[in-house]
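The sequence shown maps to residues 18 to 659 in the working numbering.
Heads up: the structure comes next, in structure tokens.
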Amino acid sequence: MFSKILIANRGEIACRVIDTARRMGVATVAVYSDADRGARHVAMADEAVHIGGPAPRDSYLRGDAIIAAAQATGAQAIHPGYGFLSENPDFVDAVQAAGLVFIGPSGDAIRAMGLKDAAKRLMTKAGVPVVPGYHGAGQDPAMLAAEAAKIGYPVLIKAVAGGGGKGMRRVETAAGFAEALASAESEAATAFGNKAVLIEKYVEKPRHIEVQVFGDGTRAVHLFERDCSLQRRHQKVIEEAPAPGMTPQMRAAMGQAAVRAAEAIGYAGAGTVEFIVDASEGLRPDRFWFMEMNTRLQVEHPVTEAITGVDLVEWQLRVAAGEALPARQEDLHINGHAFEARLYAEDVPAGFLPATGTLTHLVFPPAARTDTGVRAGDTISPWYDPMIAKLTVHGPTRAVALAQLARALGATEVAGSVTNLDFLAALARHAGFRAGDVDTGLIARELAALVAEPAVPGAVVALAAIAAAGLAEGAGAMGGFTLWSPLRRAVLLEGHMAALIVEAPDRMRVELDGSAHDCVLKADGWWVDGAKLGARVVTQGGAISIFAGRAYHFNAVDPLARVAEVSGGGGLTLAPMPGLVKAVFVAAGQEVAAGERLAILEAMKMEHTLLAARAGRVAEVLCAPGAQVEAGAALIRLEVEE
Ligand code: MV4
């Protein structure tokens, strides 16, 4: 076994590799960019080497700097993780030329799978089913049209160099072929610098089912399948193993095909053979076809680890160090069912926009395996993939595992960035998904229902109002509190107006727009209207997060910066809350500028500066220093604008 390895990656996968290396007694070297000086993978590794600027091409894609770092630290092998240099055959060759071990396949095995048309020809020769189609070198449009007619419509035109759906066109009839071909070619030329295409029979109701393989360079075994059909724009969202509805016959056929694919290219290490499956009539052993092979460890490998009990990174290190395959095919079995959900910093209602921000609060449920590259206080930077974590659950059956996933998502606490947690939770509860009726179009078809923002319960708003008033731990610690004089105060939350009546240190009544809630703080947390909320309250400045089976986020309106409200044309400055007028800075007849200080109101033991909402002349001062005023009381009136 190696004594020291370098991990040429960052984020959760670097951390995950370090975990296993440490368990095996292997020392680890991290590499990092300027953006990752304080990153979790750097903190976890035994040593760390700075390799350049934040842009991937200046750091994590710099093969030369990474090889130099391995040599300088005495690492014997390089683990590439996924992405970055993991499937770059020239990097593999350079690592080996430097006398180091690449923890993965040979450069030639990667090259064999790199071009889609050559890979498909190779797979056909190896006896792996490939979607009926044309995978030849000739690219004459008339000839391609003739091939499409031979295959039979509908067909799919794909870029030979493609991936991720770029340069893909579905064509319904011969009449639409020429135009679709021209547009696919031009998109492929722009995206990949290679306009060559292949043509395939269009597979209806496609499912993405992939098989985990593991080779020693000669022989290979498979570790069963994963279903990754829940995708959005070719990004996987939730993966599972095994595939719902899989039959023993089809599993055997797919496993054998995947092993043939791996052995055909002398595959070493962990790899994945992706198949497209026609699920229009259920799963049938004659309806799966090779799509491509990913010559690396994949993001979703934890679901395979959960159902097989195998640590795939341990296997990677052992085989790369020269050991035989750690198990025979007959030793491998499926135990239960697993799901993985990818938690992203992204704004789902805004169209899944990647988000950035500092994760002020981050707590993962202990019942799930969590793979993460960040800790509370870390920042999701714009430089890299905004994945926060992968949550993996494992149960005896699919139904139990899915219930665990829903529960784990509900118990995940993130504040400081928007996330896709609600979207993931909606998917975990989706009836079609629960029934195992998945296909690659499910998310697109159900998008409106999956992104609908659920209503916020009044009980949660009430608790947020209590938190905004600084009373989430009760009013017992409040100085000057008297049981016999209930305190009433206005609380402002963005989008909500609440009145809070403190009846006892641990008892409050919150009046919202159309409802009132009795809130009682007991030893086991807040009870609202007689029901236990089971909520955790986290405040960070004016940001309030309530975690109660789902995360709810509120912003307390900052009264200090609050620009006074103007009612009608009257230019009235109102008291935003009940309080004591501490000072008045203007007099009738005086000209004020927009944003100028008008008065100071003291409330909740804080001073709140009231500012002019617009420029104008003061018509009337309606309060005097020392006066106690109610929420909403008119304090200063500006003259009506001409
Ligand atoms: C297909 C297909 C239907 N028929 N090929 C999408 C990206 C890629 N690598 C191949 N893809 C597809 N190829 C034929 N002949 C439908 C898809 C497809 C898809 C495949 C896997 C996972 C998600 C997908 C989403 C849309 C379309």
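We treat Cβ as the ideally placed atom computed from N, Cα and C, and that holds for glycine.
Any idea which residues DSSP pairs Ser297 with across the strands?
Numbered from its first residue, the sequence shown carries residue 297 at position 280. According to DSSP, Ser297 bridges with Gly299.
Continuous alpha helix (DSSP H) stretch holding Gln333: start and end:
Here residue 333 refers to the residue found at position 316 when the sequence shown is read from its first residue. That run of the alpha helix (DSSP H) goes 329-337.
Assess contact between the segment 189-202 and the segment 147-166, defined as three or more Cβ pairs (one per stretch) separated by less than 8 Å. Is contact present?
The segment 189-202, when compared against the segment 147-166, does touch it at the 8 Å Cβ threshold.
Supposed contact pair Gly606 and Arg634 - C-beta distance, whole angstroms, cut 8 Å
As a working mapping, residue 634 is identified with position 617 in the sequence shown. As a working mapping, residue 606 is identified with position 589 in the sequence shown. Rounded, the Cβ-Cβ distance is 7 Å, consistent with contact.
Identify whether Asp125 lies in helix, strand or coil by the three-state DSSP scheme.
As a working mapping, residue 125 is identified with position 108 in the sequence shown. In this structure, Asp125 counts as helix in the three-state DSSP scheme.
Give every residue of the same chain whose Cβ lies closer than 8 Å to the Cβ of Lys142, excluding the five residues on either side of it in the sequence, and list them in chain order.
Here residue 142 refers to the residue found at position 125 when the sequence shown is read from its first residue. Ala281.
Top-ranked residue by Cα proximity to His513, from Asn105, Val519, Glu528:
Counted from its first residue, the sequence shown places residue 513 at position 496. The shortest Cα separation from His513 among Asn105, Val519, Glu528 belongs to Glu528.
Nearest by alpha-carbon distance to Ala521: which of Leu509, Gly531, Asp535, Gln229 is it?
Taking the sequence shown and counting its residues from 1, the one referred to as residue 521 is at position 504. Checked all of Leu509, Gly531, Asp535, Gln229; the closest Cα to Ala521 is Asp535.
Which word fits Asn26, buried or exposed, when buried means at least 16 other C-beta atoms lie within 10 angstroms of its C-beta?
As a first step, residue 26 is located in the sequence shown; it is residue number 9 there, counting from the start. Looking at its Cβ environment, which holds 16 or more other Cβ atoms inside 10 Å, Asn26 is buried.
Contact test: Lys137 Cβ vs the ligand MV4 heavy atom, cutoff 8 Å:
Here residue 137 is taken as the residue at index 120 of the sequence shown, counted from 1. Checking the Cβ of Lys137 against the ligand MV4 gives no.
Sequence-ordered residues whose beta carbon comes within less than 5 Å of a heavy atom of the ligand MV4
Val148, Leu173, Gly182, Glu217, Tyr219, Val220, Pro223, His225, Gln248, Thr457
I believe Gly179 touches Ala205 by the beta-carbon criterion, under 8 Å. Please report the beta-carbon distance rounded to the nearest angstrom.
Translated into the one-based positions of the sequence shown, residue 179 becomes position 162. Translated into the one-based positions of the sequence shown, residue 205 becomes position 188. Sure, about 6 Å apart at Cβ, within 8 Å.
Looking only at its chain, what residues have a beta carbon closer than 8 Å to the beta carbon of Ile168, apart from the 5 residues adjacent to it on each side?
Position 151 of the sequence shown, counting from 1, holds the residue named residue 168. Cβ neighbours of Ile168 beyond the five flanking positions: Pro149, Gly150, Tyr151, Ile216, Glu217, Lys218.
Using 8 Å as the cut-off, can you tell me whether the segment 334-351 makes contact with the segment 127-137, which would need three or more C-beta pairs spanning the two stretches below that distance?
No, the segment 334-351 does not touch the segment 127-137.
Report back the beta-carbon spacing between Leu618 and Ala651 to the nearest angstrom; my notes put them in contact at under 8 Å.
Locating residue 618 in the sequence shown gives position 601, where the first residue counts as 1. Locating residue 651 in the sequence shown gives position 634, where the first residue counts as 1. Incorrect: roughly 13 Å between the Cβ atoms, too far for contact.
If you run the structure through DSSP and keep just helix, strand and coil, what is Met267?
On the sequence shown, residue 267 is found 250 positions in, with the first residue counted as 1. Three-state result, Met267: helix.
What runs of the beta strand (DSSP E), each 3 residues or longer, lie entirely inside the segment 410-488?
430-432
Identify the continuous beta strand (DSSP E) that holds Glu309 and give its terminal residues.
Position 292 of the sequence shown, counted from the first residue, corresponds to residue 309. Taken as a continuous stretch (DSSP letters only), the beta strand (DSSP E) holding Glu309 covers 305-311.
Are the segment 388-396 and the segment 29-38 touching by the rule of at least three beta carbon pairs closer than 8 Å?
yes
Anticipated Cβ contact below 8 Å, Leu247 with Leu459, distance rounded:
Taking the sequence shown and counting its residues from 1, the one referred to as residue 247 is at position 230. Taking the sequence shown and counting its residues from 1, the one referred to as residue 459 is at position 442. At roughly 6 Å, the Cβ-Cβ gap stays under 8 Å, so Leu247 and Leu459 are in contact.
Pairwise C-alpha distance: Pro265 and Glu298:
Locating residue 298 in the sequence shown gives position 281, where the first residue counts as 1. Locating residue 265 in the sequence shown gives position 248, where the first residue counts as 1. Taking the straight line from one Cα to the other gives about 17 Å.
Is His625 helix, strand or coil by DSSP?
As a first step, residue 625 must be located in the sequence shown, where it is residue number 608. Annotated three-state conformation of His625 is strand, per DSSP.
Let me make sure I understand the geometry here. Which of Ala416, Gly493, Arg249, Gln333 has the alpha-carbon closest to that of Asp663?
Residue numbering for the chain in the displayed model covers 18 to 659; residue 663 lies beyond these limits and cannot be assessed.
First and last residue of the beta strand (DSSP E) that includes Gly596?
Indexing the sequence shown from 1 puts residue 596 at position 579. Looking at the DSSP string, the run of the beta strand (DSSP E) that includes Gly596 is 596-601.
If we call anything under 9 Å between Cβ atoms a contact, is Ile95 one with Ile120?
Indexing the sequence shown from 1 puts residue 95 at position 78. Indexing the sequence shown from 1 puts residue 120 at position 103. Contact: yes.
Could you tell me the boundaries of the beta strand (DSSP E) in which Pro223 lies?
The residue given as residue 223 occupies position 206 in the sequence shown. Run containing Pro223: 223-233, per the beta strand (DSSP E) assignment.
Taking His58 as part of the alpha helix (DSSP H), name the residues at either end of that continuous run.
As a working note, residue 58 is residue 41 in the sequence shown. Residues 57-61.
Taking the continuous beta strand (DSSP E) assigned at Phe564, which residues delimit it?
As a first step, residue 564 is located in the sequence shown; it is residue number 547 there, counting from the start. Per DSSP, the unbroken beta strand (DSSP E) holding Phe564 starts and ends at 560-564.
Excluding sequence positions up to five away, which residues of its chain have a Cβ less than 6 Å from the Cβ of Leu379?
On the sequence shown, position 362 is the one that residue 379 refers to. Around Leu379: Ala393, Val431.
Beta-carbon gap between Leu334 and Met41 smaller than 9 Å
On the sequence shown, position 317 is the one that residue 334 refers to. On the sequence shown, position 24 is the one that residue 41 refers to. Result yes, Cβ atoms of Leu334 and Met41 sit closer than 9 Å.
Mark Lys137 as exposed unless 16 or more other C-beta atoms lie within 10 angstroms of its C-beta, in which case mark it buried.
Locating residue 137 in the sequence shown gives position 120, where the first residue counts as 1. Counting Cβ neighbours within 10 Å, Lys137 comes out buried, since at least 16 surround it.
Answer with buried or exposed for Gln88, where buried requires no fewer than 16 other C-beta atoms within 10 angstroms of its C-beta.
Position 71 of the sequence shown, counted from the start, is the residue given in the question as residue 88. The residue in question, Gln88, is exposed, as its Cβ has fewer than 16 Cβ neighbours within 10 Å.
Tell me whether Phe381 sits in a helix, a strand or coil according to DSSP, three-state version.
For the purposes of this step, residue 381 is identified with residue 364 of the sequence shown, where counting begins at 1. Here DSSP, grouped into helix, strand and coil, assigns Phe381 to coil.
Buried/exposed call for Asn352, threshold 16 Cβ in 10 Å:
Start at 1 with the first residue of the sequence shown, and residue 352 comes out as number 335. Exposed, by the Cβ-count rule.
Between which two residues does the beta strand (DSSP E) holding Cys245 run?
Position 228 of the sequence shown, counting from 1, holds the residue named residue 245. Here the beta strand (DSSP E) through Cys245 covers 237-249.
Output the boundary residues of the beta strand (DSSP E) element that contains Leu504.
The count along the sequence shown starts at 1 and reaches residue 504 at position 487. Looking at the DSSP string, the run of the beta strand (DSSP E) that includes Leu504 is 504-510.
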